[in-house]
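From first to last, the protein sequence lines are chains A and B.
Its first residue numbered 285, the first sequence is counted upward by one per residue in the working numbering.
Its first residue numbered 4, the second sequence is counted upward by one per residue in the working numbering.
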Amino acid sequence: MIYLDYSATTPVDKGVLDSFNKTCLDFIGNPNSFHILGVKSNELINNATKQIANLLKVKENEIIYTSGSSESNNLAIKGIMLKYQNRGKHIITTAFEHSSIYGPISYLETLGFEYDFVDVDEKGQVDLKHLKSLLREDTILVSINSVNSEIGMIQPISEIAKILESYPKCFFHSDMTQSMGKIDIPLDGVDLVSFSAHKFFGLKGIGCLIKKDKILLEPLIHGGKSTTIFRSGTPALPLIVSLAKALRLAYTDIDNNLIKVKEYNDYLKEKLEKYPKVKINSNDICSPYVLNLSIIGVKPETFVHALEKDDIFISTQSACSTTNTASKAVLALTNDIERANSSIRISLSYVTTKEELDTFLKVFEKCYYSLVKDSKK
Amino acid sequence: MKIIRINAVWCSGCLVMNKVWKEVEQIYPQLEIINYDYDMDYDFVKELKVGDVLPVAIFYHNNNEIKRLIGEKSKQEIIMVINKIEEVKNENN
Numbered sequence: 285m286i287y288l289d290y291s292a293t294t295p296v297d298k299g300v301l302d303s304f305n306k307t308c309l310d311f312i313g314n315p316n317s318f319h320i321l322g323v324k325s326n327e328l329i330n331n332a333t334k335q336i337a338n339l340l341k342v343k344e345n346e347i348i349y350t351s352g353s354s355e356s357n358n359l360a361i362k363g364i365m366l367k368y369q370n371r372g373k374h375i376i377t378t379a380f381e382h383s384s385i386y387g388p389i390s391y392l393e394t395l396g397f398e399y400d401f402v403d404v405d406e407k408g409q410v411d412l413k414h415l416k417s418l419l420r421e422d423t424i425l426v427s428i429n430s431v432n433s434e435i436g437m438i439q440p441i442s443e444i445a446k447i448l449e450s451y452p453k454c455f456f457h458s459d460m461t462q463s464m465g466k467i468d469i470p471l472d473g474v475d476l477v478s479f480s481a482h483k484f485f486g487l488k489g490i491g492c493l494i495k496k497d498k499i500l501l502e503p504l505i506h507g508g509k510s511t512t513i514f515r516s517g518t519p520a521l522p523l524i525v526s527l528a529k530a531l532r533l534a535y536t537d538i539d540n541n542l543i544k545v546k547e548y549n550d551y552l553k554e555k556l557e558k559y560p561k562v563k564i565n566s567n568d569i570c571s572p573y574v575l576n577l578s579i580i581g582v583k584p585e586t587f588v589h590a591l592e593k594d595d596i597f598i599s600t601q602s603a604c605s606t607t608n609t610a611s612k613a614v615l616a617l618t619n620d621i622e623r624a625n626s627s628i629r630i631s632l633s634y635v636t637t638k639e640e641l642d643t644f645l646k647v648f649e650k651c652y653y654s655l656v657k658d659s660k661k
Numbered sequence: 004m005k006i007i008r009i010n011a012v013w014c015s016g017c018l019v020m021n022k023v024w025k026e027v028e029q030i031y032p033q034l035e036i037i038n039y040d041y042d043m044d045y046d047f048v049k050e051l052k053v054g055d056v057l058p059v060a061i062f063y064h065n066n067n068e069i070k071r072l073i074g075e076k077s078k079q080e081i082i083m084v085i086n087k088i089e090e091v092k093n094e095n096n
């Protein structure tokens, strides 16, 4: 099996799973219990939180554990907009976000909140001039991801944060699900950061919202203090410990991993762009972990299933629905409906091997010549 | 004129079009616009044979479908459709 869908999710690392299992068996106490079992569990949670805080260079009390990025995004957006609605009711985002950004905005719209979409340039990066022009007196939140999941555009997070310094009433949230543990993006100037462990070999069901110390949020789940007053529920100790472990592993060699993946990405790009009907959609500002391309005239799901027959797994990624849909992101970036109708996403990891890529390329060639009309080897 | 709009909460294009439709409604306050959610109202949406591209706006006259707009459209495009349907209605009257 060759797995090249790491942006969707990653398999769990064995060491991470061991940490989870060990914590499940050895730390049975509720961290909020006063007896010794609770105290031990509480100590472990504090150690895990300390590790995460050190890795991300944030304070321990700035970490809110959630079930994953969708919850983190919901908590950030609804939490800020509802808590600070006396300051304003306007939010700015982009058209290249995860659906868990649009969901809460759609909900808030029904409560009278307003929103705007900031334009992107020809490469898909946020148009900073347009962002400045959209900022209003009543804008209280800007939410822009660090890396787009479909094509991989990296957004200028530090530059956006710098612009927002002049707007003290406006908070900056970034969904960093696709960059966390892969690209070391500084969190300076970002008020709220979402991420999920399963994107970097952690377990499904645990994520974080990093929230600057003094900022308040309206909780999604009310019920009193847990590890934080902003998210109630018995702390998921084994998941939290496994998250700390996965993050530590991801950060161990983050820069070298990025170099390795960049080499893989360049290698694939060089081989694939030789096919006349292949158009590479990911550009030079994109994360090397993502390679989006179109095979003109071939339905994405047809190509994905053809590869699947040889045990190779990639994905299609559609902006607005599940199947047969033109990719809004590819359309916005290339202005080419044919490309938008035929885009596929290959997503890489540092555990990918050159041998896997060579096998993938062989199978790709076979599928290409069998599915692309009038193509001859 | 009755218009059925089909949106989904996870769809950025639907959010874009919500703003456009608000402006259209200000110009044509007499429009009867009914909103359906692609997921929550799925049974009804299925009957309308809505594909996988959202948002969708279906224009009706006397309960007959006259026109369907799929995807993001400009305010001007919507106004043109409304005006054209109104013209045909007037001619028929």
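Yeah, the Cβ is synthetic: ideal placement off N, Cα and C, and Gly gets one too.
Report yes if the CB atom of residue i is closer than 8 Å to the CB atom of residue j, and no otherwise.
i: Phe62 (chain B); j: Met4 (chain B); result: yes
i: Val562 (chain A); j: Ile596 (chain A); result: no
i: Asp400 (chain A); j: Ile376 (chain A); result: yes
i: Asn429 (chain A); j: Glu355 (chain A); result: no
i: Pro522 (chain A); j: Asn549 (chain A); result: no
i: Tyr535 (chain A); j: Leu641 (chain A); result: no
i: Lys529 (chain A); j: Gly299 (chain A); result: yes
i: Val402 (chain A); j: Leu415 (chain A); result: yes
i: Leu340 (chain A); j: Ile494 (chain A); result: yes
i: Phe311 (chain A); j: Ser526 (chain A); result: no
i: Cys651 (chain A); j: Leu556 (chain A); result: no
i: Gly363 (chain A); j: Leu501 (chain A); result: yes
Under the three-state reduction of DSSP, which class applies to residue i: helix, strand or coil?
i: Glu68 (chain B); result: strand
i: Gly54 (chain B); result: coil
i: Asp642 (chain A); result: helix
i: Phe397 (chain A); result: coil
i: Gly299 (chain A); result: helix
i: His319 (chain A); result: coil
i: Ala603 (chain A); result: A caution first: Ala603 (chain A) carries a pLDDT of 39, below 50, which makes its placement in the model too unreliable to give a value.
i: Gly507 (chain A); result: coil
i: Met460 (chain A); result: coil
i: Ile428 (chain A); result: coil
i: Cys492 (chain A); result: strand
i: His374 (chain A); result: strand
i: Asp40 (chain B); result: strand
i: Tyr652 (chain A); result: helix
i: Ala379 (chain A); result: coil
i: Met285 (chain A); result: coil
i: Lys76 (chain B); result: coil
i: Cys454 (chain A); result: coil
Taking 7 Å as the limit between beta carbons, can you name the residues of its chain near residue i, skipping five residues before and five after?
i: Pro315 (chain A); result: Gly322, Ser325, Asn326, Ile329, Pro519 and Leu521
i: Ile666 (chain A); result: In the structure displayed, chain A extends from 285 to 661; residue 666 (chain A) sits before or after that span and is not available.
i: Ile73 (chain B); result: Val56 and Val59
Excluding the five sequence neighbours on either side, which residues of its own chain have a C-beta within less than 6 Å of the C-beta of residue i, listed in chain order?
i: Gly408 (chain A); result: Met437 and Leu617
i: Val23 (chain B); result: Lys78
i: Asn432 (chain A); result: Phe380
With a CB to CB cut of under 8 Å and the five nearest residues on each side skipped, what residues in its chain are close to residue i?
i: Asp539 (chain A); result: Asp468
i: Leu412 (chain A); result: Pro440, Glu443, Ile444 and Ile447
i: Ile85 (chain B); result: Met4, Val27, Tyr31, Leu34 and Phe62
i: Asp475 (chain A); result: Phe455, Phe456, His457, Lys495, Lys496 and Ile499
Exercise. Touching or not, the segment 387–405 of chain A and the segment 8–15 of chain B, by the rule of three or more beta carbon pairs under 8 Å?
Worked result: yes
Exercise. Would you call the segment 618–637 of chain A and the segment 571–585 of chain A touching, i.e. three or more CB-CB distances under 8 Å?
Worked result: yes
Exercise. Residues in the segment 5–28 of chain B with C-beta within 7 Å of chain A's C-beta atoms, listed in sequence order?
Worked result: Val12, Trp13, Cys14, Ser15, Gly16, Leu18, Val19 and Asn21
For this session: Give the residues from the segment 40–73 of chain B that approach chain A closer than 9 Å (Cβ to any Cβ), ordered along the chain.
Result: Tyr41, Gly54, Asp55, Val56, Leu57 and Pro58
For this session: Give a yes or no on contact between the segment 417–424 of chain A and the segment 446–457 of chain A, applying the rule of three or more CB pairs nearer than 8 Å.
Result: yes
Problem set entry | Where the segment 348–370 of chain A meets chain B: residues whose CB sits under 9 Å from a CB there | none
Exercise. Are the segment 23–30 of chain B and the segment 41–56 of chain B touching, with three or more C-beta to C-beta distances below 8 Å?
Worked result: no
Exercise. Which residues, in order along the segment 285–299 of chain A, keep a beta-carbon less than 9 Å from a beta-carbon of chain B?
Worked result: none
Problem set entry | Selection of the segment 391–410 of chain A by Cβ proximity to chain B, strictly under 8 Å | The residues in question are Tyr391, Glu393, Tyr399 and Phe401.
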